[in-house]
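Here this note's numbering is used: position 522 in the sequence shown is 522, and no number is missing along the way. The beta carbon of each residue, even a glycine, is placed where N, CA and C say it ideally should be. Here the structure is a predicted model, which means the values were calculated and not measured. Report on the following structure.
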Amino acid sequence: MSSRQAILNKPLSWSLTLAALGMVFGDIGTSPIYAFRLTMLHLPIDVPTVLGVSSLIIWSLISIITLKYLALIFRADNEGEGGILALLALIKRQKPSHSKGFYLFAILGTGLLFGDGMITPAISVVSATEGLLTYSSSFLPYLSIITGGILLLVFVAQSYNLAALTDSFGIILLIWFMVIGLLGGYAIAQNPMVLKAFNPYYAYQFLHIGGLRAYLALGGVFLVVTGGEALYADIGQFGRQSIRYSWVMVVCPCLMLNYLGQGAYLLDNPAELNQLFFALAPTWFKLPLIILSLSAAAIASQAIITATCILAKQAILLGFYPRVPMKQTLDGLRLHLYIPQINLILLVGTWFLLLTFKDSNNLAHAYGIAVNLYMLLVMLMITFTASYIWRWPLYKVVLIALPFVAIDLIFLGANSHKFLTGGWVALVIALIIAFIMYTWHVGLNFLKRYFYLRKDDLSKLLKQLNYKSFNHLEGVTSVFVTDSYDNSGGGFLHFLKLSLTVPEKALILSYVVEDIPYVGKQNRYQITPFNEHIFRIVLHYGFMEVIDFPQALENLNQQKRLPFEFDIKTLNYILEIPNILATPHQQTLWFTFQEKFFAFLMRNFSANLNIEFYQLPYERTLAIGTYCLM
1 MSSRQAILNK PLSWSLTLAA LGMVFGDIGT SPIYAFRLTM LHLPIDVPTV
51 LGVSSLIIWS LISIITLKYL ALIFRADNEG EGGILALLAL IKRQKPSHSK
101 GFYLFAILGT GLLFGDGMIT PAISVVSATE GLLTYSSSFL PYLSIITGGI
151 LLLVFVAQSY NLAALTDSFG IILLIWFMVI GLLGGYAIAQ NPMVLKAFNP
201 YYAYQFLHIG GLRAYLALGG VFLVVTGGEA LYADIGQFGR QSIRYSWVMV
251 VCPCLMLNYL GQGAYLLDNP AELNQLFFAL APTWFKLPLI ILSLSAAAIA
301 SQAIITATCI LAKQAILLGF YPRVPMKQTL DGLRLHLYIP QINLILLVGT
351 WFLLLTFKDS NNLAHAYGIA VNLYMLLVML MITFTASYIW RWPLYKVVLI
401 ALPFVAIDLI FLGANSHKFL TGGWVALVIA LIIAFIMYTW HVGLNFLKRY
451 FYLRKDDLSK LLKQLNYKSF NHLEGVTSVF VTDSYDNSGG GFLHFLKLSL
501 TVPEKALILS YVVEDIPYVG KQNRYQITPF NEHIFRIVLH YGFMEVIDFP
551 QALENLNQQK RLPFEFDIKT LNYILEIPNI LATPHQQTLW FTFQEKFFAF
601 LMRNFSANLN IEFYQLPYER TLAIGTYCLM
């Protein structure tokens, strides 16, 4: 067990709970700024409607977040890690014959979360910025500039170590939840009739009488649970208990108070709908509330960016996305993950959405459908897990799991009307990301089957070679980095052919990512000697670990697992870089364009990026190119 696993398996930590408050619940915690207002935008403001919408909001929070996520989905962790790819790895490990179908679910879900990672910062910050209009209308011409500036600062800040700031994020969010809870509670005290919304009959009555218009309003109601999708991805960061305690003790009661307070205030002040959330505050407190909401929105953006980066890291290590450099820092319990390319993609996407949709009303049309579909895919995989891995009897699956699938489908139907007015944007983003992941994964499998596995085994080749006839580089130890399934030794043989020299010691190094988040140190190394000069070393990692070849070799050296020692500071590394040539004569992927696209990905995510990904020293690394026809 890694140190991080040990930390996360400890009993409840209040410090970790506070950090979870800031990093997990930022998105769902800022939903009150816009969710109730947008739901009521095209509905009559009367007692049955307000009570019905309020009741739907209350029971959505209970059913989707409390029961579905915290009680059910949190059980499906992969040795402490969550997220749709961690769930796929769990299914693959337990039921490998059934994992192929869910692979498509997983890559589509990953794409959907990428889309969510672009929309959430935009709508959160835009909604908070619009609060400036309640203070002074003179801010109107500058709203886009202010919003864009805040978003730029949020994304630029990702390059710095934010791990140490998670406690301060938690304190800010704690203040935020207390404030919105108090504001809501005060409004409820003025019109306590709204407390009737706890009776689900009012939700039923609203849907029954309101017909299609009421059903479509569920698309707005769903906005109150957006952000719940990030909870599952964050359990590896903060642990199940910390997230559950944060929700039960702080987040859920404060959210309910605020939503009910908005309903109570709206009944007495229907003309205040356009700025409903900020209208709850007295005049003297509006500016502090706006500043606090902007801070909470920035933290909410940070939370979804972190969740997206965690999912991207899992995709990279599991072979679903090209290898790109990652920077990961761990400050005690606080993890900060920064992936420059992913951060840039999210920034460009967020700015595009901001410039396209401009305000929160328009952004709401693009928001919700991607999250809803992601939740449905996860729930379908959870249902399979409950039936085939947990071995639940059929009646238990029908009574517990399937109702949540039905709820997701009901919300998806209500959100579907957003498709033409903006929802298509998130789906297009999801499909683009899914296509990249599919192309990369299938292309790598092609290389494995038709390129690497067809090579002769290195052990056989060494017997045929007159090893002693080569010029020997005395005192030189070289590391030949190759893929684990390349039994030929990759760049080692190419180096022999090109230079007719061999280092005194050769380490043929590769790595395997297991379907678990962490691999214990005792299981890290798999060493196979070819002779007294040449050793194959396979490093085993989990999908949440950092790939660091020099550090692994240094640990191996210290453990004296090899019959000789080496100086890590003088090791040189040789990489084999396959260059893919797409040809129209043989079609190995779906179509020629896809083959050319895979070739493009290999060319642009090969030598330099592999060096950074493996954390190799540039000054002591040599790349040798090979060619493969598709």
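Taking the Cα positions, Tyr-338 is about 28 Å away from Met-381. Using a C-beta cut-off of 8 Å, the region 512-521 makes contact with the region 533-546, since at least three inter-stretch Cβ pairs fall below that distance.
Contact between Val-397 and Ala-406 is absent: CB atoms are separated by about 13 Å, not below the 8 Å threshold. In the structure shown, Val-348 adopts helical secondary structure according to DSSP, grouped into three states. Comparing C-alpha distances from Leu-133 to each of Asp-359, Gly-239, Ala-233, Leu-113 shows the shortest one belongs to Asp-359. Secondary-structure assignment with DSSP links Phe-535 through a beta bridge to Leu-507, Pro-529. Nearest to Ala-414 by alpha-carbon distance, out of Thr-383, Gly-368, Leu-140, Ala-89, is Gly-368. Of the residues assessed, Leu-399 falls on the exposed side of the cut-off, its CB having fewer than 16 other CB atoms within 10 angstroms. If you look at Thr-49, you'll find it in the alpha helix (DSSP H) that goes 47-60.
Taking Ile-45 as the centre and dropping the five residues before and after it, the same chain places the C-beta of Leu-266, Leu-267, Pro-270, Leu-273 closer than 8 Å to its C-beta, in chain order. The beta carbon of Asn-199 sits closer than 8 Å to the beta carbons of Ser-55 from its chain, once the five residues preceding and following it are set aside; these are given in chain order.
If you draw a straight line from the Cα of Cys-309 to the Cα of Gly-29, it comes to about 20 Å. A distance of 7 Å or more separates the beta carbons of Thr-439 and Leu-151. Where Tyr-573 is concerned, the enclosing beta strand (DSSP E) starts and stops at 572-581. In this chain, the beta strand (DSSP E) harbouring Val-481 covers 471-481. A direct Cα-Cα distance of roughly 47 Å separates Phe-480 from Arg-244. When secondary structure is reduced to three states using DSSP, Glu-545 falls in the coil class, being assigned neither helix nor strand. Per the C-alpha coordinates, the member of Ala-20, Leu-431, Ser-478, Asn-161 positioned closest to Gln-328 is Asn-161. The continuous alpha helix (DSSP H) containing Asn-415 extends over residues 402-415. DSSP places Thr-129 in the helix class (H, G or I) of the three-state scheme. Between Gly-261 and Ala-370, the beta carbon gap of about 29 Å keeps them out of contact (Cβ cut-off 8 Å).
Ile-33 has its alpha-carbon roughly 26 Å from the corresponding atom of Tyr-201. Each residue's CA atom was taken as its position, placing Pro-617 and Ala-623 some 12 Å apart. In terms of Cα proximity to Ile-180, the closest of Leu-354, Phe-114, Met-256 is Met-256. If you look at Asn-445, you'll find it in the alpha helix (DSSP H) that goes 424-447. A direct Cα-Cα distance of roughly 11 Å separates Ala-279 from Ile-290. Bounds of any alpha helix (DSSP H) do not take in Thr-66, whose DSSP letter is neither H nor E. Boundaries of the alpha helix (DSSP H) around Thr-39: 35-40. In the displayed model, Leu-280 falls within coil according to three-state DSSP, outside both helix and strand. Around the C-beta of Ala-71, fewer than 16 other C-beta atoms lie within 10 Å, and the residue is accordingly described as exposed.
Comparing alpha-carbon positions, the option among Lys-286, Gln-615, Phe-222 lying closest to Tyr-135 turns out to be Lys-286.
Here Glu-81 carries a strand assignment [DSSP, helix/strand/coil]. In the DSSP assignment, Phe-238 falls within the alpha helix (DSSP H) that extends over 235-238. Straight through space, the alpha carbons of Ile-146 and Val-156 are spaced by roughly 15 Å. Annotation: Arg-391 to Leu-165 spans about 42 Å, alpha carbon to alpha carbon.
Residue state for Val-154 is assigned as helix, using DSSP reduced to three classes.
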